[in-house]
Every structure is written in C-alpha cells, then in structure tokens.
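Okay, structure first, notes after.
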Amino acid sequence: MKNIIINGIEIKPGQQQKIDISIARLPSHTLIDLPVFVYRAKKPGPTLLLSAGIHGDEINGIEVVRRMILNKQLMPDIGCVIAIPLVNVYGFIHCSRSLPDGKDLNRCFPGGPRGSLARRIAHIVMKEIIPHIDYGVDFHTGGSRITNFPQVRAVLKEPINRELARAFGTKFILNSNFIDKSFRKEAFKAGKNILVFEGGESLRLDEYAIQEGIDGVCRLMNHLKMKNFLTAHHESMFLENSAWVRARISGIFNSLVSCGSSVTKGQPIASLADPYGKSRINIKSSVTGYVIGVNNMPVVNAGDALMHLANLPQ
Ligand SMILES: [Zn+2]
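Numbering follows the numbering used here, in which position 59 of the sequence shown is assigned residue number 120; successive positions increment by one, without gaps.
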C-alpha cells in the first residue's frame with residue numbers, strides 16, 4: 062500500500078488524523094494553520110478529497126464537510142478520505158471571498174513557496190494533498206447575492222468526470238470549462254479529477270444545498286465502493302450550455318420564476334422597472350431549460366447578471 066505522508070506525518074492504514082499545516086501568522090502574530098482531516102481505511106482503495114472554503118465567504122460547503130466530520134461519516138471501508146473544511150482561513154475570518162490583499166485563491170494555483178499568501182496556500186495544497194488523491198469534490202456557492210441551485214460542474218467531455226458527476230447525482234450537472242490558475246485545472250494537469258459543487262449563496266446557510274452536498278458525497282462514496290450509505294439516487298440532467306441573462310436597463314429586478322424551475326422559450330421570467338411606477342420591461346426566456354442561478358439583489362444596474370439559464374439537453 063502506498064504511503065500517505067502529509068506535512069511530515071504518516072497516516073497508516075486504519076488511522077485517522079487531524080494535521081495542522083502552518084501557513085503564516087496574522088498581523089497580530091496569531092498563527093494560522095490549515096487543518097486537514099485524514100481518514101484511512103485498513104483496506105486499500107481510492108483517495109477522495111473534500112475541500113471547501115477556497116472562497117472564504119462560501120459557507121455551505123464548509124457546513125457539508127463539518128457535518129460529515131461531526132457525524133463520523135468520513136472513515137471509509139476502503140481507501141482514504143482527506144477533508145479540508147476550510148482552505149481559505151484568512152477569507153473566512155474576514156467574511157471575504159479573497160485573501161486580505163484581495164487575491165482570489167482560486168486564480169492563484171498552482172502557487173509557489175514564495176509570493177502572495179494565496180500562492181503559498183495554493184502551493185501547500187498542491188504539494189501536500191494533491192499527490193495523494195485520486196478524485197476530489199471542491200465545494201462552492203454562488204457569489205455575492207447570487208444563489209446557485211445545487212449543481213455539479215465539470216468538463217463533461219472527460220468520461221471520468223461524467224461518471225463521477227452522475228454518481229454524485231445532483232439534479233443538474235453543468236459542463237464547465239477550465240478557468241486558468243484554478244484549483245480544478247491545476248489538479249487536472251496533475252492527473253486528478255475534481256468536481257466543483259455549487260450550492261446556495263455566499264454568507265448564507267442554505268439547508269437544501271447543504272443536504273444535497275452531503276447526499277452527493279454519500280452517493281459518490283457508494284459509487285467508489287468506499288462506503289455503503291443509505292441514500293436515494295435521483296436522475297441527473299447533463300446541461301451542456303448555459304448563459305446569464307443580463308439587465309438591459311437599470312432598475313428594480315423582480316424575478317417571476319424560482320431558482321431550479323423549468324422555463325420555456327418566450328416565457329416571461331422577470332421584470333425590470335424604474336422605482337416610480339412609470340416604466341417597466343418584461344424579460345422573456347430565450348431558451349427552453351432551467352433556472353440554475355438567480356441574483357437576489359433587487360436593485361440592479363444595466364449589464365448586471367440576473368438569471369443563469371441552462372438549455373434543456375438536446
Ligand atoms: Zn467559490
């Protein structure tokens with residue numbers, strides 16, 4: 062069996078360990094660690110990474126991993142689970158997506174031992190964690206004031222991604238090309254396939270999204286024969302194309318459809334109005350498909366993203 066050594070600590074078959082990897086001190090000189098939880102079965106098998114909070118204000122994924130640790134669900138029957146509930150500790154304590162200097166950690170991979178704090182954290186993850194894993198799920202939410210209906214994103218032309226995404230089993234599975242310097246892309250370059258889970262909104266707990274995340278991990282571990290959870294399976298839809306509807310004019314945005322609902326081409330989905338009851342325009346769906354993300358901010362400027370629509374699979 063292969064050795065799993067993280068930060069100089071060996072995790073032997075049958076062991077579970079919390080490993081704190083020192084990152085850097087705050088200006089107050091408080092030391093910040095990256096806590097990594099490792100659960101290794103006695104029997105060999107795949108190694109699955111669960112990572113959350115690369116964006117420090119995206120809390121639902123942190124909750125998914127936290128609850129699974131709390132409920133002792135992560136010790137597999139075979140293989141190994143590596144869980145990092147909170148990658149961007151600095152963003153979390155500032156309720157911020159980014160690092161204190163404004164860098165987006167998910168645009169700083171693979172990073173390096175020197176340079177910005179984001180580059181250093183990325184480097185730790187790439188050096189200490191990625192070599193050990195086979196697959197991963199990286200948990201995210203919509204950005205500021207945007208709710209994403211629970212969905213898995215991956216490059217779907219990779220058969221292994223389709224297989225893993227189907228096993229995870231969210232209702233929607235979205236084709237999503239690689240973003241330069243993202244964790245997912247750099248992991249792929251190292252030969253590791255990582256699904257991105259998106260669910261809910263930043264700085265908001267969303268019980269439905271959290272439960273979908275937990276159920277998805279259970280289904281994925283079942284599929285990888287790492288565990289035998291009792292979890293219902295539901296059929297997923299593979300969505301190849303999606304686009305944001307943007308505001309043609311500034312004003313007050315009223316959504317007429319809920320996140321996750323189906324829409325038909327030509328159906329009114331939202332209105333934009335001035336604040337004085339004088340003018341209003343209706344927005345119609347340009348596609349037959351699904352609403353997979355919605356802006357919760359009612360006051361919008363021209364060009365703002367309003368609704369993320371995915372085409373029905375052909
Ligand atoms: Zn994110």
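Beta carbons are placed, not taken as given, at the ideal position from N, Cα and C, and that holds for glycine.
Just so we're clear, the structure is a prediction, and the values are computed from it rather than from any experiment.
So, with DSSP's three-state summary, where would you put P88?
Walking along the sequence shown from the start, residue 88 turns up at place 27. Of the three classes helix, strand and coil, the one that applies to P88 here is coil, per DSSP.
Here's the rule: buried if 16 or more other CB atoms are within 10 angstroms of the residue's CB, otherwise exposed. What is M368?
On the sequence shown, position 307 is the one that residue 368 refers to. The residue in question, M368, is buried, as its Cβ has 16 or more Cβ neighbours within 10 Å.
Per DSSP, E71 forms a beta bridge with which residues?
Looking up residue 71 in the sequence shown gives position 10. According to DSSP, E71 shares a beta bridge with I66.
Those residues, in chain order, that have a beta-carbon closer than 6 angstroms to some heavy atom of ligand 1:
That query returns the following residues: H116, E119 and H201.
Cβ-based neighbour list, A179, same chain, cut-off 6 angstroms, excluding 5 preceding and 5 following:
The residue labelled residue 179 in the question sits at position 118 within the sequence shown. Excluding sequence positions up to five before and after A179, its CB lies within less than 6 angstroms of the CB of L160, K164, L166 and C169, all in the same chain and listed in chain order.
For I280, count the other beta carbons within 10 Å of its own beta carbon; 16 or more makes it buried, fewer makes it exposed. Which is it?
Locating residue 280 in the sequence shown gives position 219, counting from the first residue. One detail in the question is off: residue 280 reads as Arg in this sequence, not Ile. Per the 10 Å Cβ criterion, buried.
To test your reading of the DSSP string, which unbroken beta strand (DSSP E) runs of 3 or more residues are found completely within the region 281-334?
The region 281-334 contains these whole beta strand (DSSP E) runs: 298-300, 303-307, 312-316 and 329-334.
Indicate whether L109 and G197 have their beta-carbon atoms separated by less than 8 angstroms.
Stepping through the sequence shown from its first residue, residue 109 is reached at position 48. Stepping through the sequence shown from its first residue, residue 197 is reached at position 136. Yes.
Here's a check: name, in chain order, each residue in its chain whose Cβ is nearer than 7 angstroms to the Cβ of K242, leaving out the five neighbours to either side.
For the purposes of this step, residue 242 is taken as residue 181 along the sequence shown, with counting starting at 1. Sequence-distant Cβ neighbours of K242 in its own chain, meaning closer than 7 angstroms and more than five residues away, are R168, C169 and F170.
Does the region 185-200 come within contact of the region 336-344, defined as at least 3 CB pairs closer than 8 angstroms?
Contact between the region 185-200 and the region 336-344 is absent, because fewer than three Cβ pairs lie under 8 angstroms.
Same chain, Cβ closer than 6 angstroms to K246, five either side skipped, listed in chain order:
One-based indexing of the sequence shown puts residue 246 at position 185. So the list reads F239, once near-sequence residues are dropped.
Can you give the Cα-Cα distance for Y337 and D365, rounded to whole angstroms?
Locating residue 337 in the sequence shown gives position 276, counting from the first residue. Locating residue 365 in the sequence shown gives position 304, counting from the first residue. Cα atoms of Y337 and D365: separation of roughly 21 angstroms, rounded to the nearest angstrom.
For P171, report the span of its alpha helix (DSSP H) as first-last.
The residue you call residue 171 lines up with position 110 of the sequence shown. Careful: P171 lies outside any alpha helix (DSSP H) and carries neither H nor E.
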